[in-house]
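>
Protein chains in written order, with our numbering: chain A, -15 to 101; chain B, 31 to 143.
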C-alpha cells in the first residue's frame, strides 16, 4: 500500500493564480481531511470529508474549495492564491471521522510546500 | 476552537539524556494522541490514550494521561538522535453535540550526538 500520496511536493504560485493540490489514499478510508501547518500555529483543519460526495468546512476554509467524487481522491483547490496561503499542506485519512467521537489514527501524506509570491 | 498548549516549544539535549514534554488544556479531553513529525514528512501516530490516569509505554517513550484528562506528558528515556523531530499532541473535545480534534503547536526536539 502506498498510503496517502500528495502531489506536487513543492509549488510556487503568483498572487491570483489558481491550482489544485492532489491527494489520494489506497486504504479505503472514508474520512479524509486537509490541514495547513504554519510556524508557531500547529496544524489547522481546512476542509474534511466523511465520504464520497460529502464535504464540510474546518477551522480555516476561506480561499479553498474541495470535492470528493471517489473514496480515494480528495483534491484541494486554491481559487485565487494569496501570500497568506503560503504554508505546508497535509492531507490525511482515517478509517472513521472524529465527529463520531472516536479518535481514529490519522495517516498523513508527505505534504505540499506552497509559496505564494 | 479549544486551546491546547505544548511545552517546551523547543528542546535541545545531548544523546543519552532524559526529557519530558507536556500537553495541557483548560478543557477535558475525550481522548488524546501523540504524533511525531520528521522534517519534510507528515506526522506519524505514536500513541492514543483514552482513560484518565492511563500510562502507555513504547520502548523508551512513556506516555501519561492526567487523571482529570486535561493534560498529558511524553517522557523519553536515554534519548537517541533518531528521536529528533516535532512532537505534536492532538486532543479530542466534545461540546455542543459535536466533537473537535485540536492539535497543539508542537515541541521541536533536537538530540545532539
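Even glycine gets a Cβ: it sits at the ideal position worked out from N, Cα and C. As the structure is a prediction and not an experimental result, all values here were calculated from the model.
How is residue 112(B) classed by DSSP in three states: helix, strand or coil?
helix
> Nearest CA to the CA of residue 60(B): which residue from 141(B), 76(B), 135(B) and 128(B)?
128(B)
> Please name the residue in 5(A), 17(A), 45(A) and 96(A) whose C-alpha comes closest to that of residue 88(A).
17(A)
> Give a yes or no on whether 8 Å exceeds the smallest Cβ distance from residue 73(B) to chain A.
yes
> Excluding the five sequence neighbours on either side, which residues of its own chain have a C-beta within less than 7 Å of the C-beta of residue 100(A), listed in chain order?
-3, -1, 65, 66, 67, 69 and 70
> Do you know how far the Cα of residue 62(A) is from the Cα of residue 78(B)?
33 Å
> Report, in whole angstroms, the separation of the C-beta atoms of residue 97(B) and residue 83(B), which I expect to be a contact under 8 Å.
5 Å
> State the DSSP-derived secondary structure class of residue 51(A), mapped to helix, strand or coil.
coil
> Using a threshold of 8 Å, state whether the C-beta atoms of residue 126(B) and residue 62(B) are closer than that.
In this structure, residue 126(B) lies away from residue 62(B), with their beta-carbon atoms at least 8 Å apart.
> Would a check of beta-carbon distances place residue 137(B) closer than 8 Å to chain A?
no
> For residue 35(A), which residues in the same chain have their Cβ closer than 6 Å to its Cβ, ignoring the five residues on either side in sequence?
14
> Which ranges does the beta strand (DSSP E) cover as unbroken runs of at least 3 residues, wholly within the segment 57 to 143 of chain B, from first to last along the chain?
61 to 67, 74 to 79, 85 to 88, 91 to 95, 101 to 106, 115 to 125, 128 to 133 and 137 to 142
> Leaving out five residues on either side along the sequence, give the residues of the same chain with a beta carbon under 7 Å from the beta carbon of residue 110(B).
45 and 141
> To the nearest angstrom, how far is it from the Cα of residue 10(A) to the Cα of residue 75(A)?
13 Å
> For residue 90(A), which residues of its own chain have a beta-carbon under 8 Å away from its beta-carbon, when the five flanking residues on both sides are left out?
17, 76, 77 and 78
> Which residue wins for smallest C-alpha separation from residue 115(B), given the options 73(B), 53(B), 107(B) and 93(B)?
73(B)
> Beta-carbon of residue 87(A) versus every beta-carbon of chain B: anything under 8 Å?
yes
> From 106(B), 107(B), 70(B) and 54(B), pick the residue whose C-alpha is nearest to that of residue 132(B); which is it?
From the listed residues 106(B), 107(B), 70(B) and 54(B), the smallest Cα separation to residue 132(B) is found for 54(B).
> Mind listing the chain B neighbours of residue 25(A)? Cutoff is C-beta to C-beta under 9 Å, in chain order.
135
> Would you tell me roughly how many angstroms separate the C-alpha atoms of residue 6(A) and residue 23(A), rounded to the nearest one?
23 Å
> Can you tell me where the beta strand (DSSP E) with residue 34(B) in it begins and where it stops?
No beta strand (DSSP E) holds residue 34(B); DSSP gives it neither H nor E.
> Nearest chain A C-beta to residue 118(B) closer than 8 Å, yes or no?
For residue 118(B), at least one C-beta of chain A is nearer than 8 Å to its own C-beta.
> As a quick exercise: from 36(B), 85(B) and 50(B), pick the residue whose alpha carbon is nearest that of residue 106(B).
Across the set 36(B), 85(B) and 50(B), the C-alpha of 50(B) shows the shortest separation from the C-alpha of residue 106(B).
> Whose CA, out of 57(A), 20(A) and 52(A), lies closest to the CA of residue 46(A)?
Nearest C-alpha to residue 46(A): 20(A).
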